[in-house]
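Undergrad: Counting the sequence shown from 1 gives a position; my numbering is that position plus 1.
Each residue gets a CB set at the ideal place from its N, CA and C atoms; glycine is no exception.
This one's a predicted model, so the numbers in the text were calculated from it and none came from an experiment.
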Amino acid sequence: KGLTVLQGDINEEVPDYPDQTFDYVILSQTLQQVYEPDTLIRAIMRIGKRGIVSFPNFSHWACRLQLLCSGYAPVTKQLPYQWYNTPNIRVITIKDFRKFIDDVGLKILNEVAINTHSQNRYGKIIRFLPNMRATYGIFLIGNKQV
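#1: Give the range of the alpha helix (DSSP H) segment to which residue 71 is assigned.
#2: So, is residue 149 buried or exposed, given that buried needs 16 or more other C-beta atoms within 10 angstroms?
#3: Grab me the residues of residue 124's own chain with a C-beta within less than 8 Å of its C-beta, minus the 5 sequence neighbours each way, in chain order.
#4: Please give me, in chain order, every unbroken run of the alpha helix (DSSP H) with length at least 4 that falls completely inside the stretch 75-143.
#5: Tell me the rounded alpha-carbon separation between residue 45 and residue 59.
#6: How many Å lie between residue 10 and residue 39 at the Cα?
#7: Given a cut-off of 7 Å, decide if residue 56 and residue 93 are closer than it, judged by their beta-carbon atoms.
#8: Just to confirm, is the Cβ distance from residue 95 to residue 132 under 7 Å?
#9: Please name the residue, chosen from 30, 26, 82, that lies closest to residue 98 on a Cα-to-Cα basis.
#10: Rounded to whole angstroms, what is the Cα-Cα separation between residue 146 and residue 75?
#11: Take residue 23 and list the residues in its own chain whose beta-carbon comes closer than 8 Å to its own, dropping the five residues that flank it on each side.
#12: Where residue 15 and residue 85 are concerned, what is the direct C-alpha to C-alpha distance, given to the nearest angstrom?
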């Protein structure tokens, strides 16, 4: 009740919305699949007061080990495609995303790193070495003024 949900081509939909239309804009496993992530992230922060962004963490130890030992691009439960058929056109790490948000002039308000290898369907929160141990990063972002 009172919840507006938009699902569609973000490049076509976002320009039509006035500034600060939404309280939150969610990009769930989307950022790694767009050509201009900086343009997209600025656009969602224009139409929303805050953004929630999640992505598979390419620097998880299993990805690193698979690349090191096999010499092939990693294929995991979180990144289940071969390099030639993946919808992902970029790989993102938790550290990369933190720097990216600073580079585009935004602010991280909160973050959680999770590992989904456990039996818990929600994943286990990773606090120690999240860039190496987490399979996903989830970030709450806002404008620097927030």
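TA: According to the data block:
#1: The residue you call residue 71 lines up with position 70 of the sequence shown. That run of the alpha helix (DSSP H) goes 62-71.
#2: Look at the range of the chain in this structure, 2 to 147, and you will see that residue 149 is not part of it.
#3: Along the sequence shown, read from residue 1 onward, the residue named residue 124 stands at position 123. Shown here for residue 124: same chain residues with a beta carbon closer than 8 Å to its own, the five before and five after excluded, namely 115, 116, 117, 136, 137 in chain order.
#4: DSSP runs (the alpha helix (DSSP H)) wholly in the stretch 75-143: 95-104, 131-134.
#5: Within the sequence shown, the letter at position 44 stands for residue 45. Within the sequence shown, the letter at position 58 stands for residue 59. Residue 45 and residue 59: Cα-Cα distance of roughly 23 Å.
#6: By 1-based counting over the sequence shown, the position of residue 10 is 9. By 1-based counting over the sequence shown, the position of residue 39 is 38. Each residue's alpha carbon lies about 16 Å from the other.
#7: Along the sequence shown, read from residue 1 onward, the residue named residue 93 stands at position 92. Along the sequence shown, read from residue 1 onward, the residue named residue 56 stands at position 55. Closer than 7 Å, so yes.
#8: The residue you call residue 95 lines up with position 94 of the sequence shown. The residue you call residue 132 lines up with position 131 of the sequence shown. Yes, the Cβ-Cβ distance between residue 95 and residue 132 is below 7 Å.
#9: Taking the first residue of the sequence shown as 1, we reach residue 98 at position 97. The shortest C-alpha separation from residue 98 is found at 30.
#10: Numbered from 1 along the sequence shown, position 145 holds the residue referred to as residue 146. Numbered from 1 along the sequence shown, position 74 holds the residue referred to as residue 75. Distance between the alpha carbons of residue 146 and residue 75: 39 Å.
#11: Translated into the one-based positions of the sequence shown, residue 23 becomes position 22. 5, 48, 49, 50, listed in sequence order.
#12: Locating residue 15 in the sequence shown gives position 14, counting from the first residue. Locating residue 85 in the sequence shown gives position 84, counting from the first residue. In this structure, the straight-line span from the alpha carbon of residue 15 to that of residue 85 is close to 29 Å.
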